[in-house]
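Residues in the sequence shown are numbered consecutively from 0, following numbering that gives the first Met the number 0.
Below: one structure, written as structure tokens.
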Amino acid sequence: MTFHAWFECFAGCGVRYDLTQIVYRCEACGGLLEVRHDVEALKTRSAAQWKQLFDSRLGRSSGVWSKKEVVLPELDERSIVSFGEGNSPLIKSERFARHLGIEEIYIKQCGTSHTGSFKDLGMTVLVSMVNQIRSKIRAVACASTGDTSAAVSAYCAAAGIPSIVFLPKDKVSIAQLIQPISNGAITLSIDTDFDGCMKIVQEITKDESIYLANSMNSLRVEGQKTISFEIVQQMDWQVPDFVVVPGGNLGNISAIGNGFLLMRDMGLIDCLPRLVCAQTEKANPLYRSYREGFQRLEAVTAGSTYATAIQIGNPVSFSKAVRALRATNGIVEQATEAELVQAAAEVDRFGFFNDPQTGVALAATNKLVKALSIPASSRVVVISTAHGLKFAEFKSRFHQGQIPVSDTSLQNPPTSVPADVNAVRAAINGRIPA
Ligand SMILES: *Cc1c(COP(=O)(O)O)cnc(C)c1O
Ligand SMILES: [Zn+2]
Numbered sequence: 000m001t002f003h004a005w006f007e008c009f010a011g012c013g014v015r016y017d018l019t020q021i022v023y024r025c026e027a028c029g030g031l032l033e034v035r036h037d038v039e040a041l042k043t044r045s046a047a048q049w050k051q052l053f054d055s056r057l058g059r060s061s062g063v064w065s066k067k068e069v070v071l072p073e074l075d076e077r078s079i080v081s082f083g084e085g086n087s088p089l090i091k092s093e094r095f096a097r098h099l100g101i102e103e104i105y106i107k108q109c110g111t112s113h114t115g116s117f118k119d120l121g122m123t124v125l126v127s128m129v130n131q132i133r134s135k136i137r138a139v140a141c142a143s144t145g146d147t148s149a150a151v152s153a154y155c156a157a158a159g160i161p162s163i164v165f166l167p168k169d170k171v172s173i174a175q176l177i178q179p180i181s182n183g184a185i186t187l188s189i190d191t192d193f194d195g196c197m198k199i200v201q202e203i204t205k206d207e208s209i210y211l212a213n214s215m216n217s218l219r220v221e222g223q224k225t226i227s228f229e230i231v232q233q234m235d236w237q238v239p240d241f242v243v244v245p246g247g248n249l250g251n252i253s254a255i256g257n258g259f260l261l262m263r264d265m266g267l268i269d270c271l272p273r274l275v276c277a278q279t280e281k282a283n284p285l286y287r288s289y290r291e292g293f294q295r296l297e298a299v300t301a302g303s304t305y306a307t308a309i310q311i312g313n314p315v316s317f318s319k320a321v322r323a324l325r326a327t328n329g330i331v332e333q334a335t336e337a338e339l340v341q342a343a344a345e346v347d348r349f350g351f352f353n354d355p356q357t358g359v360a361l362a363a364t365n366k367l368v369k370a371l372s373i374p375a376s377s378r379v380v381v382i383s384t385a386h387g388l389k390f391a392e393f394k395s396r397f398h399q400g401q402i403p404v405s406d407t408s409l410q411n412p413p414t415s416v417p418a419d420v421n422a423v424r425a426a427i428n429g430r431i432p433a
């Protein structure tokens, strides 16, 4: 069976391009492009056959390429650049569910990945395509709030392709900054914010030999949409009631929406989860638009936030996110700095180690449960987008009391004790059950 996918204008003017073409926007109307699949061809296999096929590949190293037919069916296998991305754990916590007051909560640990964030899922697809057409390309470039640049530089280094990353100065963590540096990327620290970097990279990549790796390039979205396939597969092909995703540039919520819609079109599932996009109050253009019925996008200047990976005021994939939210009867919620700090610290007490963006998603979940917008009987999946180790400074500052919070009970700084057994006993006594 031959499966087929292509770029098509998202604005609906019908223009199509081959996936090997270097094109990021519709040349007719300037709108975003998306990757479309020949669903009729995919439907020549039954749902049972697809499930059996995907289940039979579960041991494979890459979660993305074990779904190649719904990602990039025509890519030459020899072009694939992979670090065994995907197949990330979906962790159910009964104790945390009781704490939140809901039936079931799962955290999809997308940060358990080669460079520590879900960006690997999209980057393996994009860089594999670049690898296939590399005679036309001198370098790959992206603007980044930290994690995209880590992924670009690692995958490009693996394939021997030069990479250039544009980072907003002093707005990414040390762990994020050191990744492209170590992988040999041309690392530009620019005195602006993410939105400023995004404008510059779009200018630079007008030179077609410098390939754009931001999620405006819809190849990224194709890899990221496997998150939805994995969730459903990990839940024994059942669909959760809600999937909560922290959103910045809004590529990931769009991708997750696409994944569920394609599974429904293929007959793998017969209902959709309600998607929830969680934004920080400091960078909430989607939330504001949601409150006005998604009539329009009004860009904001993103304020300073602990959730630096979503400090974005002018999200490129706004219209795609709106489609995903409308199609799934979705919700947009926001979280304040105090709420995200508290939520990130709380979940860690259940054994997790989550980043501030996931803190935003968890805070939003908490608020929606309290408001009964998420009923207590729900099965909820929260997408954890990065590994907490990328944000060790944030966590360290919290526990050292350097982040102003009203509730200090979760702060757990180390206790200094002399090297004396009695002093050590005294330090422990009273802190564990007698
Ligand atoms: C990129 C990123 C996001 C936001 O994803 P978008 O697709 O830009 O909405 C959220 N969390 C982390 C950790 C990220 O790296
Ligand atoms: Zn168009």
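Glycine is no exception: its CB is placed at the ideal position from the N, C-alpha and C atoms.
As the structure is a prediction and not an experimental result, all values here were calculated from the model.
Rounded distance between the beta-carbons of residue j and residue i, thought under 8 Å
i	j	result
Ser415	Ser316	The Cβ separation is near 48 Å, so there is no contact.
Gly30	Ala4	Contact flag wrong, Cβ pair sits at about 19 Å.
Asp119	Ala156	So it is not a contact: roughly 13 Å between Cβ atoms.
Ile252	Gly258	Not a contact, Cβ separation roughly 11 Å.
Val244	Ile382	5 Å
Ile373	Ile101	7 Å
Lys107	Ile180	Not really, about 29 Å apart at Cβ, beyond 8 Å.
Leu437	Val380	Only positions 0 to 433 of the chain appear in this structure, which leaves residue 437 out of reach.
Ser127	Leu74	6 Å
Val129	Val139	6 Å
Arg378	Glu103	4 Å
Delimiting residues of the alpha helix (DSSP H) encompassing residue i
i	result
Phe228	225-233
Lys369	355-369
His98	93-99
Gln175	173-181
Ser436	This structure leaves residue 436 out entirely; the chain is present only between 0 and 433.
Ile427	420-427
His398	391-398
Thr43	Run containing Thr43: none; DSSP gives neither H nor E here.
Gln131	118-131
Thr147	146-158
Glu103	Per DSSP, Glu103 belongs to no alpha helix (DSSP H); it is in the beta strand (DSSP E), 103-108.
Ala320	317-326
Ile199	193-203
Element boundaries [beta strand (DSSP E), containing residue i]
i	result
Glu76	Careful: Glu76 lies outside any beta strand (DSSP E) and carries neither H nor E.
Ser383	378-383
Gln333	330-334
Cys8	4-8
Phe452	Any property of residue 452 remains undetermined from this structure, which presents the chain solely from 0 to 433.
Cys12	Per DSSP, Cys12 belongs to no beta strand (DSSP E) and is neither H nor E.
Glu33	32-36
Pro209	A small correction: the amino acid at residue 209 is Ile; Pro does not occupy that position in the sequence shown. Here the beta strand (DSSP E) through Ile209 covers 209-211.
Cys141	138-142
Leu187	185-189
Residue environment, residue i, which counts as buried when at least 16 other CB atoms sit within 10 Å
i	result
Met262	buried
Ile268	buried
Glu33	buried
Ser60	exposed
Ile427	exposed
Thr435	This structure cannot settle anything about residue 435, because the visible part of the chain is limited to 0 through 433.
Thr401	The identity of residue 401 in the sequence shown is Gln, whereas the question assumes Thr. Exposed: under 16 other Cβ atoms inside 10 Å.
Lys170	buried
Glu229	buried
Gln399	exposed
Asp354	buried
Arg430	exposed
Gly183	exposed
Ala370	exposed
Cys276	buried
Gly256	buried
Ala342	buried
Asp146	buried
Leu57	exposed
Ala446	Outside the shown range of the chain, which is 0 to 433, sits residue 446, and nothing can be said about it.
Ser87	buried
Ala254	buried
Ala422	exposed
Met265	buried
Leu339	buried
Glu332	buried
Cys443	In the structure as shown, the chain begins at 0 and stops at 433. Residue 443 is therefore absent and cannot be evaluated.
Ala142	buried
Problem - Chain-ordered list of residues that sit, by beta carbon, closer than 6 Å to a heavy atom of ligand 2 - result: Cys8, Ala10, Cys12, Val14, Cys25, Ala27, Cys28, Gly30
Handout entry: 3 or more residues per run - each beta strand (DSSP E) lying fully within the segment 259-309
Key = 273-279
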